[in-house]
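Take the sequence shown: its letter number 65 is residue 79 in the numbering used here, and every next letter is one higher.
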Amino acid sequence: MRVAALTRETAAAWSALFDACGCACHCRYWHFEGNKNAWLARCFDEPGKNREEQMGLVESGALEARGLVALEGETAIGWMKLAPRAKLGKLRRQGAYRALDLGDDDGVWSIGCFLVHPEHRRRGIARALVSEADVHVRAWAGRAIEAYPHRPGYALRDEEAWMGPELMLAGCGYVAVHGEGPYPVYRKEIGRV
């Protein structure tokens, strides 16, 4: 397995991963302006719209479309959205994070979500993606990476852990900077290039 940035060259494999997982979001949730019901309707009624939007952003090199793809050969088996926190406006508007002092956005990148092909889960793919994030974020002039796992008080099913497992993040050197409640914020300072 190798980890690569989402680019024009990896975009077709990335898109095929979403199709294989039956996931119509194509990583546009953090950028969607409507409410939850409008989001669900868009994913159900217009499943190609999210793909088209994301593919257009990848083609143009937009920062908000960035992320890492785990590949076996030419097949994508995992994905991690990794974008500048400033480009994830919806994150700051979420009730769980709105009141938190997350500090300056400058150079802070966010792990927005994970998607791992069901046949490849529990093989360390999410961990490999997180482990490679430091190298990419430094190359993209970042200084820190944040993650926002869900801590619900019960065991999450694999498909519910789309924000990443808290224990995995801690095991990869992330530290809770806001650790109370069901929505902690983890951060890893990586310095700039």
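In this text, a Cβ means the ideal position worked out from N, Cα and C, and glycines have one as well.
In this text, all values refer to a predicted model and were calculated from it rather than measured experimentally.
Practice problem: Round the Cβ separation of Met177 and Pro198 to the nearest angstrom and send it over; I've been treating them as touching at under 8 Å. | Solution: The count along the sequence shown starts at 1 and reaches residue 177 at position 163. The count along the sequence shown starts at 1 and reaches residue 198 at position 184. Contact doesn't hold; Cβ gap of about 10 Å is too wide.
Quiz item: To which residues of the same chain is Gly205 closer than 8 Å at the C-beta, ignoring the five residues directly before and after it?
Solution: The sequence position of residue 205 within the sequence shown is 191, counting from 1. Excluding the 5 residues flanking it on each side, Gly205 has same chain C-beta neighbours closer than 8 Å at Arg152 and Arg157, in chain order.
Quiz prompt | Three-state secondary structure assigned by DSSP to Ile204 | solution = Taking the sequence shown and counting its residues from 1, the one referred to as residue 204 is at position 190. In this structure, Ile204 counts as coil in the three-state DSSP scheme.
Quiz item: Cβ atoms of Gly87 and Ile139: under 9 Å apart, would you say?
Solution: Within the sequence shown, the letter at position 125 stands for residue 139. Within the sequence shown, the letter at position 73 stands for residue 87. At a Cβ-Cβ threshold of 9 Å, Ile139 and Gly87 do not count as neighbours.
Quiz item: Is it the case that the Cβ atoms of Glu67 and Arg107 are separated by a distance below 9 Å?
Solution: Residue mapping note: residue 67 aligns to position 53 of the sequence shown, counting from 1. Residue mapping note: residue 107 aligns to position 93 of the sequence shown, counting from 1. Going by C-beta atoms, Glu67 is not nearer than 9 Å to Arg107.
Self-check item: For Thr89, the nearest candidate out of Ala190, Glu180 and Val130 (CA to CA)
Solution: To locate residue 89, count along the sequence shown from 1; it is residue 75. If we check each option's Cα against that of Thr89, Val130 comes out closest.
Quiz prompt | Test item: CB-CB of Gly81 and Gly126 under 9 Å | solution = The sequence position of residue 81 within the sequence shown is 67, counting from 1. The sequence position of residue 126 within the sequence shown is 112, counting from 1. Result yes, Cβ atoms of Gly81 and Gly126 sit closer than 9 Å.
Quiz prompt | His192 - containing beta strand (DSSP E), residue span | solution = Within the sequence shown, residue 192 is the residue found at index 178, counting from 1. Boundaries of the beta strand (DSSP E) harbouring His192: Val189 to His192, taken from the DSSP string.
Quiz item: Comparing alpha-carbon positions, which option in Gly75, Ala161 and Leu170 lies nearest Val189?
Solution: As a first step, residue 189 must be located in the sequence shown, where it is residue number 175. Ranking Gly75, Ala161 and Leu170 by CA distance to the CA of Val189 puts Ala161 first.
Practice problem: Buried or exposed for Leu96, please, with buried defined as at least 16 other CB atoms from any protein chain shown within 10 angstroms of its CB. | Solution: For the purposes of this step, residue 96 is taken as residue 82 along the sequence shown, with counting starting at 1. Leu96 is buried by the Cβ-count criterion.
Quiz item: beta strand (DSSP E) containing Ala81: first to last residue?
Solution: Numbered from 1 along the sequence shown, position 67 holds the residue referred to as residue 81. Here the sequence assigns Gly to residue 81, which means Ala is not the residue at that position. For Gly81, the enclosing beta strand (DSSP E) stretches over residues Gly81 to Glu86.
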